[in-house]
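Enquirer: Mind looking over this structure? Questions follow.
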Amino acid sequence: GQQLNQSPQSMFIQEGEDVSMNCTSSSIFNTWLWYKQDPGEGPVLLIALYKAGELTSNGRLTAQFGITRKDSFLNISASIPSDVGIYFCAGPESGTYKYIFGTGTRLKVLA
Amino acid sequence: EAEVAQSPRYKITEKSQAVAFWCDPISGHATLYWYRQILGQGPELLVQFQDESVVDDSQLPKDRFSAERLKGVDSTLKIQPAELGDSAMYLCASSVDPNTGELFFGEGSRLTVL
Chain C
61 GQQLNQSPQS
71 MFIQEGEDVS
81 MNCTSSSIFN
91 TWLWYKQDPG
101 EGPVLLIALY
111 KAGELTSNGR
121 LTAQFGITRK
131 DSFLNISASI
141 PSDVGIYFCA
151 GPESGTYKYI
161 FGTGTRLKVL
171 A
Chain S
11 EAEVAQSPRY
21 KITEKSQAVA
31 FWCDPISGHA
41 TLYWYRQILG
51 QGPELLVQFQ
61 DESVVDDSQL
71 PKDRFSAERL
81 KGVDSTLKIQ
91 PAELGDSAMY
101 LCASSVDPNT
111 GELFFGEGSR
121 LTVL
């Protein structure tokens, strides 16, 4: 089946720094989603992207749907301690509503 | 704010025992998903329901796992017999419109098999 690979696997940054992470696939996705999971909780949707090239913001978060439709990027500006968590990209397998999740990027913010 | 309810929150069992997890989705959400998340990995879809019908269960180990959503509302995921490798977080999610990709997740049920 289709797979989503995320990088970096983990990041340690200082509070106030900007963060970039990406998600790639060997196959095309028509929707890209970014979720955040806090420890011991279920994932929560941050941003949804539905069109190639689309750039969407949600507060300090900005995500882009790659032109090739095989990748997506998430940026967090001016990180704060509550940004700590695991960020997952996700998307539906071709022709289905079966949402698969990436391998995750674990973010730690040092105050 | 409406939430997806799951129980139990934690379950410790011995291998070969039976376990069951329950999920009550947000009212009006016709699509329900069960995911398994092994520590350090992303969620893996086990089964997807549309109302009471199974849409996809291709990743469900059917020799030991079963899932049902009899009245198209709440759902139960069962494992019998449990194996050591089943230790994971079992997440339930629901969606009012799966086309959007907006899945609402519960807090999960963490299973430890000894």
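Taken in sequence, the protein lines are chains C and S.
Heads up: the first sequence begins at 61 in this note's numbering, then just goes up one per residue.
Heads up: the second sequence begins at 11 in this note's numbering, then just goes up one per residue.
We put the beta carbon where it would ideally sit given N, CA and C, even for glycine.
This structure is a prediction, so every number in the text was calculated from the model and none was measured.
Measuring only the C-alpha atoms, how far is A103(S) from G61(C)?
Expert: The C-alpha of A103(S) lies about 21 angstroms from the C-alpha of G61(C).
Enquirer: Would you say D66(S) lies against chain C (beta-carbon separation less than 7 angstroms)?
Expert: yes
Enquirer: Leaving out five residues before and five after E78(S) in sequence, what residues of the same chain have Cβ atoms less than 7 angstroms from its Cβ?
Expert: These residues qualify, in order along the chain: S85, T86.
Enquirer: Per DSSP, V57(S) forms a beta bridge with which residues?
Expert: W44(S)
Enquirer: Might you give, ordered along the chain, the residues of its own chain that have their beta carbon closer than 6 angstroms to the beta carbon of F75(S), omitting 5 neighbours on each side?
Expert: I89
Enquirer: Along chain C, in chain order, which residues have C-beta atoms closer than 8 angstroms to that of F59(S)?
Expert: Per Cβ cutoff of 8 angstroms: no residues; F59(S) is ~11 angstroms from chain C at best.
Enquirer: Residues of the stretch 90 to 106 of chain C with a CB closer than 9 angstroms to any CB of chain S: list them in chain order, please.
Expert: T91, W92, L93, Y95, Q97, G100, E101, G102, P103, V104, L105
Enquirer: Please report the Cβ distance between S51(S) and T84(C), rounded to the nearest whole angstrom; I am assuming they are in contact, meaning their Cβ atoms lie under 8 angstroms.
Expert: Note that residue 51(S) is Gln in the sequence shown here, rather than Ser. Contact doesn't hold; Cβ gap of about 17 angstroms is too wide.
Enquirer: Does chain S have any CB closer than 7 angstroms to the CB of G76(C)?
Expert: no
Enquirer: Within 7 angstroms (strictly less), CB to CB, does T122(C) reach chain S?
Expert: Under the 7 angstroms criterion on CB atoms, T122(C) is classed as non-interfacial with respect to chain S.
Enquirer: Closest to I107(C) by C-alpha separation, out of S142(C), L121(C), I140(C), would be which residue?
Expert: The candidate whose alpha carbon is nearest that of I107(C) is L121(C).
Enquirer: For I36(S), which residues of its own chain have a beta-carbon under 8 angstroms away from its beta-carbon, when the five flanking residues on both sides are left out?
Expert: A12, E13, V14, S104, V106, F114
Enquirer: Output, in sequence order along the chain, the residues in the stretch 97 to 122 of chain S whose CB is closer than 9 angstroms to any CB in chain C.
Expert: M99, L101, C102, A103, S105, P108, N109, T110, G111, E112, L113, F114, F115, G116, E117, G118, R120
Enquirer: Whose C-beta lies closer than 7 angstroms to the C-beta of Q74(C) among residues of the same chain, with five residues either side of it excluded?
Expert: L170
Enquirer: Is it true that the CB of E93(S) sits closer than 7 angstroms to the CB of K25(S)?
Expert: Yes, these two residues count as a Cβ contact at 7 angstroms.
Enquirer: Apart from the five residues on each side of it in sequence, which residues of its chain come closer than 8 angstroms, Cβ to Cβ, to K130(C)?
Expert: Cβ neighbours of K130(C) within its own chain (closer than 8 angstroms, five residues either side excluded): T84, S85, S86, S87, I88, F89.
Enquirer: From the DSSP output, in three-state form, read off P103(C) for me.
Expert: The answer is coil: DSSP assigns P103(C) none of H, G, I, E or B.
Enquirer: Is P71(S) close to chain C? Criterion is C-beta to C-beta, closer than 7 angstroms.
Expert: no
Enquirer: By Cβ distance below 7 angstroms, which residues in the same chain neighbour E112(S) in space, the five residues on each side in sequence not counted?
Expert: For E112(S), same chain residues with a beta-carbon under 7 angstroms away, outside a window of 5 residues either side, are S105 in chain order.
Enquirer: For S67(C), name the three-state secondary structure that DSSP assigns.
Expert: strand
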